[in-house]
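Visitor: Numbering (the working numbering) for the sequence shown: 68 to 168.
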Amino acid sequence: MLFNKNIENLESWGKVFQSINDFLPLLVHILGKHNIKYKRIENCIPGSNAVFKIDDYIIKIFAPLESEIGDEIDYVTEQFGISRANNFGLPTPKLIGSGEV
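#1: Are glutamine 146 and proline 113 touching if we call contact CB-CB under 8 Å?
#2: If we count Cβ pairs, one from each stretch, closer than 8 Å, do we get three or more for the segment 141–158 versus the segment 88–105?
#3: Take tryptophan 80 as the anchor and find which of Gly166, Glu133, Lys120, Cys111 has the nearest alpha-carbon.
#4: Exposed or buried, what is leucine 94 when buried is set at 16 or more other beta-carbons lying within 10 Å of its beta-carbon?
#5: Quick one: grab the DSSP three-state call for phenylalanine 84.
#6: For isoleucine 125, count neighbouring C-beta atoms within 10 Å of its own C-beta (all shown protein chains included) and say buried if the count is 16 or more, exposed if not.
#7: Alpha carbons only, please: which of Ser115, Ile97, Ile103, Pro158 is nearest the one belonging to glutamate 78?
Here you go:
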């Protein structure tokens with residue numbers, strides 16, 4: 068199982084969203100899917116979603132609907148914004164993958 072924590076609400080999400088140990092299997096799966104080798108996984112500044120710095124990469128795992136934080140529109144909006152900025156040549160992180168696991 069890639070993520071085995073039960074998320075029922077904001078409180079349960081808040082207990083795990085910064086846990087490298089809880090997200091490690093999922094992070095390793097995502098990195099492997101994109102053939103990315105890594106040396107170090109770190110937490111990023113806490114926000115609403117699970118965000119990790121892995122060497123020169125950032126992996127953002129959006130909070131599930133059960134967390135009561137946001138919904139799919141947050142994911143779609145951010146993906147669109149990054150893609151659009153990249154298309155205009157604005158200095159923006161390059162989106163190398165997205166989707167559901």
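Using N, Cα and C, we set each Cβ at its ideal position, and we do this for glycine too. Please read all numbers here as calculations on a predicted model, not as lab measurements.
Guide: Checking against the coordinates, here is how it stands:
#1: no
#2: no
#3: Glu133
#4: buried
#5: coil
#6: exposed
#7: Ser115
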